[in-house]
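**Q** Attaching a single structure in structure tokens format; questions to follow.
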Ligand code: URP
Ligand code: ZN
Ligand code: ZN
């Protein structure tokens, strides 16, 4: 099957250039001018042709806080595709003490359900000798990134000794450690004090996880990684103080990489103070911050201290959020956002002059593909790459709403927001998976991608 995507502006990290893209079966074979010889033509006139986005930070069907995130690999990847994402890297969790069992469990969750391609990171929640001994086999199976949580005490959190052990084991096999950087002990103390004082509303979630708690953990994990000579990726940097730690380490030559997540760029802490229990919709960790922090994050993305932008999609329904009515510490942490990253970054980044189009592609596709071992198949519109493509119409406005989104969550944190542009069509390995906003793919067509070390 030969498909020609004709007359669009093809975007790479270098910027946009008018051109046609010839796809044969699953692959891009040519990018150039006046191409022909196709069985079918997709008219991309007036549109941007982007490499499919990679979301390297998602939590689908993940047990947490006494419940499970409400998007499985069917609804979650359908929503991702609707927003222009053609590959995710989801966080598998160590299960019954074993990394291998965790990986098997996540393969079972994804098998037969995914609409787009997927890989896995592995979260190590108990760095026992037997778990660490499994790391080389996971790397051989394409899981080359291992996450440690420095927060969520009593659940996912590991202490410094465990972090050092994970880093030593990962470094030996060329793997990267990902860190959720918040001082979990400090959070625990602040939460206990708040609850004892009768402060139970969602706004206290943010107040018990201040910026310095994130900055201290960021600084500490950078030092731990440096001692172990282990490549480090700090997930969801949210504030200027933590970003400064990343920047300083990079200036000193440390192998430290970091991301921002889209909700921290466009939503502020004010949302958690909404009346009634509405603030619970916005409870995530680290929490939403100030507008000054947002501007620092945008600058970090532009200047390179933050190399990518993912979603940290971690969706719950309003009924699930109810668990924390009367005790903010029991509100499940996370927001649904997997579908909106491209539209929001185009609207709040490109259209407002904060990001160039080339930077947008770099942050959401090209750099994640390289960092997480998905290149050269993913991350670029180039001959030889998978035909994972977004035909983005900058003049196809959308208004975000739970009534029309594709996640299983029954609310949307961006309800009523309008974005000027949106994907007209999305292709995954040459197959149209989204057509005029409608999901036209079948669950199960997505493939597991065994990743190389980044
Ligand atoms: O609130 C969040 N981010 N929930 C998902 C788990 C994590 O910390 O990444
Ligand atoms: Zn996290
Ligand atoms: Zn996360």
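Residue numbers (the numbering used here): 587 to 1040. All residues carry an ideal CB built from backbone N, CA and C; glycine is no exception.
Give the secondary structure of residue 808 by DSSP, where H, G and I count as helix, E and B as strand, and everything else as coil.
**A** Helix, per DSSP.
**Q** Which residues count as close to ligand 2 when the rule is a CB under 7 Å from any of its heavy atoms, in chain order?
**A** This selection yields 735, 766, 821, 822, 871, 898.
**Q** As a quick exercise: from 636, 815, 865, 926, pick the residue whose alpha carbon is nearest that of residue 910.
**A** Checked all of 636, 815, 865, 926; the closest Cα to residue 910 is 865.
**Q** For the alpha helix (DSSP H) that contains residue 721, what are its first and last residues?
**A** Its alpha helix (DSSP H) spans residues 721-726.
**Q** For the alpha helix (DSSP H) containing residue 755, list its first residue and its last residue.
**A** Run containing residue 755: 746-758, per the alpha helix (DSSP H) assignment.
**Q** Given this structure, state the Cα-to-Cα distance separating residue 773 from residue 785, to the nearest angstrom.
**A** Rounded to the nearest angstrom, the two C-alpha atoms are 14 Å apart.
**Q** By the three-class DSSP mapping on this structure, what secondary structure does residue 642 have?
**A** Reduced to three states, the DSSP call for residue 642 is strand.
**Q** Assuming contact is defined by CB atoms lying nearer than 8 Å, are residue 587 and residue 1016 in contact in what I supplied?
**A** Cβ atoms of residue 587 and residue 1016: closer than 8 Å.
**Q** Are residue 814 and residue 753 closer than 8 Å when you measure CB to CB?
**A** Contact: yes.
**Q** What first and last residue would you give for the beta strand (DSSP E) that runs through residue 613?
**A** It spans 613-618 - the beta strand (DSSP E) in which residue 613 sits, taken as one unbroken run.
**Q** Hey, could you find the ends of the alpha helix (DSSP H) residue 666 is sitting in?
**A** Counting along the chain, the alpha helix (DSSP H) containing residue 666 begins and ends at 659-668.
**Q** Using a threshold of 8 Å, state whether the C-beta atoms of residue 728 and residue 760 are closer than that.
**A** No.
**Q** Are the CB atoms of residue 980 and residue 1004 within a distance shorter than 8 Å?
**A** Against a cut-off of 8 Å, the Cβ pair of residue 980 and residue 1004 comes out as no contact.
**Q** Give the straight-line distance between the Cα atoms of residue 946 and residue 601, rounded to the nearest whole angstrom.
**A** Rounded to the nearest angstrom, the two C-alpha atoms are 10 Å apart.
**Q** Pairs of beta-carbons, one from the segment 814-831 and one from the segment 854-863, closer than 8 Å: are there three or more?
**A** As far as the Cβ criterion goes, the segment 814-831 does not touch the segment 854-863, which means the pair count is below three.
**Q** By a C-beta neighbour count over all protein chains shown, 10 Å radius and 16 as the cutoff for buried, is residue 965 buried or exposed?
**A** By the neighbour-count rule (16 or more Cβ atoms within 10 Å), residue 965 is buried.
**Q** Select from 807, 598, 778, 923 the residue whose C-alpha is nearest the C-alpha of residue 819.
**A** Out of 807, 598, 778, 923, 807 has the C-alpha closest to the C-alpha of residue 819.
**Q** Can you tell me the Cβ-Cβ gap for residue 794 and residue 872, rounded? I've got them flagged as a contact below 8 Å.
**A** So it is not a contact: roughly 11 Å between Cβ atoms.
**Q** Can you say whether residue 1038 is buried or exposed, counting buried as having 16 or more other CB atoms within 10 angstroms of its CB?
**A** Counting Cβ neighbours within 10 Å, residue 1038 comes out exposed, since fewer than 16 surround it.
**Q** Under 8 Å, do residue 978 and residue 679 count as touching if we go by C-beta distance?
**A** Against a cut-off of 8 Å, the Cβ pair of residue 679 and residue 978 comes out as no contact.
**Q** Pairs of beta-carbons, one from the segment 681-695 and one from the segment 703-718, closer than 8 Å: are there three or more?
**A** Yes, since at least three Cβ pairs between the segment 681-695 and the segment 703-718 fall closer than 8 Å, the two stretches touch.
**Q** Would you identify the three-state DSSP class for residue 622, choosing helix, strand or coil?
**A** Residue 622 falls in the coil class under three-state DSSP.
**Q** Within the same chain, show all residues whose beta-carbon is closer than 8 Å to that of residue 1081, passing over the 5 residues directly before and after it, in chain order.
**A** The question about residue 1081 has no answer here: the residues shown for the chain are numbered 587 through 1040.
**Q** Take residue 617 and list the residues in its own chain whose beta-carbon comes closer than 8 Å to its own, dropping the five residues that flank it on each side.
**A** For residue 617, where only same-chain residues beyond five positions count, the Cβ hits under 8 Å are 596, 605, 606, 607, 608, 967, 968, 969.
**Q** Where do the ends of the alpha helix (DSSP H) carrying residue 770 lie?
**A** It spans 770-782 - the alpha helix (DSSP H) in which residue 770 sits, taken as one unbroken run.
**Q** Quick one: which unbroken alpha helix (DSSP H) runs of 4-plus residues sit fully inside the segment 904-939? Chain order, please.
**A** Complete alpha helix (DSSP H) runs here, min 4: 904-907, 927-931.
**Q** Taking 7 Å as the cut-off, is the CB of residue 656 close to at least one heavy atom of ligand 4?
**A** In the structure shown, ligand 4 is absent; the only ligands present are ligand 1, ligand 2 and ligand 3.
**Q** Is residue 919 near ligand 1, judged by its Cβ being under 7 Å from some heavy atom?
**A** Yes, the beta carbon of residue 919 sits closer than 7 Å to at least one heavy atom of ligand 1.
**Q** Specify whether the segment 636-646 and the segment 992-1006 touch according to this definition: at least 3 beta carbon pairs, one from each stretch, less than 8 Å apart.
**A** Not touching, per the Cβ criterion.
**Q** Which same chain residues, not among the five before or five after residue 667, have their C-beta less than 6 Å away from its C-beta?
**A** Around residue 667: 701, 702, 1012, 1019, 1020.
**Q** Within 10 angstroms of its Cβ, does residue 726 collect 16 or more other Cβ (buried), or is it exposed?
**A** So residue 726 counts as exposed.
**Q** When burial is assigned at 16 or more other CB atoms within 10 Å of the CB, is residue 887 buried or exposed?
**A** Burial call: buried.
**Q** When we look at the beta-carbon of residue 961 and count the other beta-carbons within 10 Å, is it buried (16 or more) or exposed?
**A** Classification of residue 961: buried, given that the 10 Å Cβ count is 16 or more.
**Q** Candidates 749, 836, 599: which alpha carbon is nearest residue 956's?
**A** Nearest of 749, 836, 599 to residue 956, Cα basis: 599.
**Q** Could you check whether the Cβ of residue 895 sits closer than 7 Å to any heavy atom belonging to ligand 1?
**A** The answer is no for residue 895.
**Q** If you reduce the DSSP assignment to three classes, tell me which class residue 840 lands in.
**A** Coil.
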